[in-house]
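Inspection log for the structure reproduced underneath, given as structure tokens.
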Amino acid sequence: MNIFLHELRAYRKSTIIWSISLTLIVVFYLSLYPSFAHDAEEFTKILEGYPEAIRNAIGINLGGFFTILGFYCFPLSFITLCGAIQAMNLGTSIVSKEVREKTADFLLTKPVTRTRILTSKLLAVLTAIVLTNIVYLAAASIMAFQVKTEDFSFKLFIMLSLTLFFVQLIFLALGLIISVIVSKLKSVLTVSLGTVFAFYFLGMLSSTSGEEAKRYISPFKYFDTAYIMKHASYESSFLIAGAIIIILAIVASYFVYTKKDIHAV
Amino acid sequence: MNVIEIKNLTKTYGKARGITDISFNVEQGEIFGFIGPNGAGKSTTIRTLLSLIYPTSGSATIFGKDCIQFAPEIKKEIGYLPSEVFYYDNMKVKDLLKYSASFYKKDCTKRIKELAEIMDLDLNKKIDDLSLGNKKKVGIVQGLLHEPKLIILDEPTSGLDPLMQQKFFDILEEENKKGATILFSSHILSEVQRLCNRVAIIKEGKIVTVEKISTLKENNYKKLKIETKAPLEKDYFQISGVNKLEVNDNITSFLFRGNINTVMKKIADIEIANLWIEEPDLEEIFMHYYEKEA
């Protein structure tokens with residue numbers, strides 16, 4: 037419990053900043069909705085001029101773009117990108133922070149098992165992400181009700197918003213396994229930004245080609261907003277793929293971390 | 004009773020040298036010196052004892068329990084001070100020490116205050132703002148606050164001024180009197196000589212010898228310096244038991260171990276101007292161990 041609280045305190049500032057940032061983004065975008073909805077027809081014409089591949093790549097789905105849910109999908113892809121960076125940062129810092137700040141010797145010579153250390157730290161970053169999501173979801177919901185022009189399904193709104201959390205979980209697990217395997221991460225930010233953007237662009241490329249199998253390459257494409265809106269459910273094959281990645285990465289991290297040598301600095 | 008038993012401990016890192024077949028015991032209640040130059044394998048041995056790294060082969064027990072298998076249990080009674088201390092920068096000294104204490108199921112507040120007072124450490128400062136020496140003090144308090152039965156120190160004195168070193172040694176001696184066993188690794192002989200009962204000398208990952216300090220310095224080692232009236236033949240004193248023979252014009256000096264009469268007879272046969280016989284300090288004995296096998 038002491039490690040958990042200590043870690044949570046260490047992430048307090050960054051969690052607040054991320055929550056505020058994500059909230060500001062969603063508030064800003066949703067505040068544009070009323071004027072969008074107003075000029076819906078003209079916008080449709082402009083957007084129709086874009087090739088379909090590009091529209092797919094940046095996440096615009098003409099069919100429902102001018103309903104609030106359809107419009108919400110557009111900032112959501114950007115918010116998910118930011119959220120992925122936050123999660124990846126947290127994930128990679130779990131182990132690498134101790135190496136970089138050279139506090140591993142301090143923590144690992146205390147009477148606790150490595151498994152407990154990793155679990156406490158993992159739970160702490162998980163809590164940070166859950167808190168971020170709660171703040172974000174609250175702000176997004178309030179904003180959506182403020183700007184709506186017609187009624188919408190709140191259940192779908194929540195389902196769409198939760199994709200942020202799922203993508204974050206995947207990147208958290210990826211970050212963790214990277215930080216456990218790479219013994220000395222010099223800079224968390226370069227690694228996490230690099231990985232997240234690489235997957236983001238891979239995702240963009242895969243959606244232009246339209247091949248279903250390629251979507252498995254990028255976690256950003258696991259949750260197709262159009263599909264969710266149409267069927268009011270997630271695609272189970274991608275849910276399973278995501279769950280497998282998370283479980284494998286976390287189990288492997290525990291395995292490597294309990295076996296690895298902690299070298300002097 | 005042995006607090007630490009190390010049996011054939013080996014750790015290799017790819018090409019780099021680790022430690023090879025290290026065995027020695029540390030008895031309860033002693034201050035045991037672990038000495039060797041940088042890179043000889045002192046830290047590797049200590050980090051294995053603390054299960055920070057895992058041995059390639061061999062094993063070690065602390066308090067009679069395997070140091071890897073029972074690591075968390077053993078560590079309740081170990082205080083460790085690494086050679087370089089770095090702590091969570093944006094914490095206050097007080098908070099870090101509280102965090103450290105929270106791992107042990109006892110109330111350490113009183114001991115923290117005592118130690119901080121002796122070491123002259125300001126508990127309300129941020130660790131960030133501390134000098135190297137003061138960070139080291141945090142490390143000392145952190146390592147001792149739970150009154151461990153075994154104190155492991157890895158080159159602990161770097162960064163401490165002589166006055167603080169003195170206070171630190173006083174604390175260690177006091178802890179030792181209360182029953183704590185101390186493993187003290189260092190490359191500085193004088194501090195080991197001052198504090199320790201026994202030493203293990205390590206060289207290139209192997210233990211060269213384990214001896215009592217008093218035995219190391221025992222009379223069978225003599226440092227002789229002879230001034231003669233006329234230059235001596237270079238190998239006049241080249242007899243068994245003589246080490247580090249140096250001949251400079253009229254001055255001949257060497258270390259001698261063995262029956263002193265053989266040397267005295269040799270000396271009696273020549274015309275001498277002056278004669279010094281001294282016990283060598285630990286430094287020279289240490290060099291002797293190092294040069295012997297080089």
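These protein sequence lines map, in sequence, to chains U and S.
When we follow our numbering, the leftmost residue of the first sequence carries the number 37, and every step to the right adds one.
When we follow our numbering, the leftmost residue of the second sequence carries the number 4, and every step to the right adds one.
Backbone N, C-alpha and C fix where the C-beta goes; we use that ideal spot for every residue, glycine too.
Quantities reported herein were computed from a predicted structural model and do not represent experimental measurements.
- Task: Less than 8 Å between the CB atoms is what I'm expecting for residue 88/S and residue 142/S, so what's the real figure, rounded?
- Result: The pair is a contact, with the Cβ atoms about 4 Å apart (cut-off 8 Å).
- Query: So, do the region 115-134 of chain S and the region 89-99 of chain S have three or more beta carbon pairs nearer to each other than 8 Å?
  - Reply: With a cut-off of 8 Å, the region 89-99 of chain S and the region 115-134 of chain S count as touching, because enough Cβ pairs lie within range.
- Taking Cβ positions only, does residue 222/S come closer than 8 Å to chain U? Any reading at residue 222/S must be qualified, since the residue scores a pLDDT of 49, below 50, and its modelled position is unreliable; no value is offered.
- Message: I'd like to check one pair, residue 244/S with residue 146/S: are the Cβ atoms closer than 8 Å?
- Response: No; because the gap between Cβ atoms is not below 8 Å, this pair is not in contact.
- Neighbour-count burial assignment, residue 47/S, 16 or more Cβ in a 10 Å radius: Burial call: buried.
- is_contact[residue 109/S, chain U] using C-beta, thresh 8 Å: Using a Cβ-Cβ cut-off of 8 Å, residue 109/S does not count as an interface residue toward chain U, since no Cβ of chain U sits closer than that to its own.
- Whole angstroms is fine: what's the gap from residue 51/U's alpha carbon to residue 136/U's? So the two alpha carbons sit approximately 20 Å from each other.
- Message: Whole angstroms are fine: how far does the CA of residue 63/S sit from the CA of residue 70/S?
- Response: Those two C-alpha atoms are separated by around 6 Å.
- Quickly, what does DSSP pair residue 251/U with across the bridge? List them, please. Partner(s): none; residue 251/U has no beta bridge.
- Could you check if residue 80/S is buried or exposed, using at least 16 other CB atoms within 10 Å of its CB as the buried criterion? The residue in question, residue 80/S, is buried, as its Cβ has 16 or more Cβ neighbours within 10 Å.
- Query: The beta strand (DSSP E) spanning residue 55/S covers which residue range?
  - Reply: Taken as a continuous stretch (DSSP letters only), residue 55/S belongs to no beta strand (DSSP E), as it is neither H nor E.
- Query: So, using beta-carbon positions, are residue 228/U and residue 211/U closer together than 8 Å?
  - Reply: Between residue 228/U and residue 211/U, the CB-CB gap stays under 8 Å.
- Buried or exposed by the 16-neighbour rule on C-beta atoms within 10 Å, applied to residue 265/U: Residue 265/U comes out buried.
- Query: Does the beta-carbon distance from residue 126/U to residue 161/U come in below 8 Å?
  - Reply: Yes.
- Query: beta strand (DSSP E) containing residue 213/S: first to last residue?
  - Reply: Start and end: 209-215.
- Query: Would you say residue 144/U faces chain S, with C-beta separation under 8 Å as the test?
  - Reply: Yes, because at least one Cβ of chain S sits closer than 8 Å to the Cβ of residue 144/U.
- Task: Report the residue from 68/U, 115/U, 90/U, 102/U whose alpha carbon sits nearest the alpha carbon of residue 56/U.
- Result: Nearest C-alpha to residue 56/U: 115/U.
- Query: Taking only runs of the alpha helix (DSSP H) that begin and end inside the region 21-76 of chain S, which ones reach a length of at least 4 residues, in chain order?
  - Reply: Those alpha helix (DSSP H) runs which fall completely within the region 21-76 of chain S and span 4+ residues are 45-52.
- Can you tell me the Cβ-Cβ gap for residue 247/S and residue 240/S, rounded? I've got them flagged as a contact below 8 Å. Between the beta-carbon of residue 247/S and that of residue 240/S there is about 11 Å, and that puts the pair past the 8 Å contact cut.
- Item | N- and C-terminal bounds of the alpha helix (DSSP H) containing residue 163/U | Per DSSP, residue 163/U belongs to the alpha helix (DSSP H) from 150-183.
- Listed from N- to C-terminal order along the chain, which residues in the region 126-145 of chain U have their beta-carbon within a distance smaller than 7 Å of any beta-carbon of chain S? Within the region 126-145 of chain U, the qualifying residues are 137, 138, 139, 141, 142, 144, 145.
- Item | CB contact flag (residue 257/U, residue 269/U, <8 Å) | In this structure, residue 269/U does not lie closer than 8 Å to residue 257/U by Cβ.
- Message: Any beta carbon of chain U sitting closer than 8 Å to that of residue 3/S?
- Response: Nothing about residue 3/S can be reported from this structure: the residues present for chain S run from 4 to 297 only.
- Query: Hey, residue 154/U and residue 47/U are a contact pair by Cβ (cut 8 Å); roughly how many whole angstroms apart?
  - Reply: Here residue 154/U is actually not in contact with residue 47/U; their C-beta atoms are around 16 Å apart, not less than 8 Å.
- Query: residue 35/S and residue 199/S: beta carbons closer than 8 Å?
  - Reply: Residue 199/S is positioned such that its CB atom lies closer than 8 Å to that of residue 35/S.
- Task: Could you tell me how far apart the beta carbons of residue 259/U and residue 199/U are, in whole angstroms, since I believe they sit closer than 8 Å?
- Result: The beta-carbon distance between residue 259/U and residue 199/U, rounded to whole angstroms, is 4 Å. This is short enough to meet the 8 Å contact definition.
- Query: How would you label residue 222/S, buried or exposed, when you count the other beta carbons within 10 angstroms and need 16 or more for buried?
  - Reply: Residue confidence for residue 222/S is low, a pLDDT of 49 falling below 50, so the modelled location carries little weight; the figure read from the coordinates is stated next. Classification for residue 222/S: exposed.
- Message: Less than 8 Å between the C-beta atoms of residue 170/S and residue 121/S, yes or no?
- Response: For residue 170/S and residue 121/S, yes; Cβs fall inside 8 Å.
- For residue 132/U, count neighbouring Cβ atoms within 10 angstroms of its own Cβ and tell me buried if that reaches 16, exposed if not. That one is buried.
- Message: Contact criterion: CB-CB distance below 8 Å. Does residue 160/U meet it with respect to chain S?
- Response: For residue 160/U, the closest Cβ of chain S is not nearer than 8 Å.
- Any C-beta of chain U under 8 Å from that of residue 46/S: So, interface residue.
- Hey, could you find the ends of the beta strand (DSSP E) residue 45/U is sitting in? Note, residue 45/U: premise wrong, no beta strand (DSSP E); alpha helix (DSSP H) at 38-46.
- Residues in its own chain within less than 7 Å of residue 161/S by CB, not counting five upstream and five downstream? If you ignore the 5 residues before and after residue 161/S, its C-beta comes within less than 7 Å of the C-beta of 86, all in its own chain and listed in chain order.
- Item | Closest residue to residue 130/U among 169/U, 111/U, 70/U, 214/U (Cα-Cα distance) | With distances taken between Cα atoms, residue 130/U lies closest to 214/U.
- Item | Any 3 or more C-beta pairs closer than 8 Å across the region 151-160 of chain S and the region 171-184 of chain S | A contact exists between the region 151-160 of chain S and the region 171-184 of chain S.
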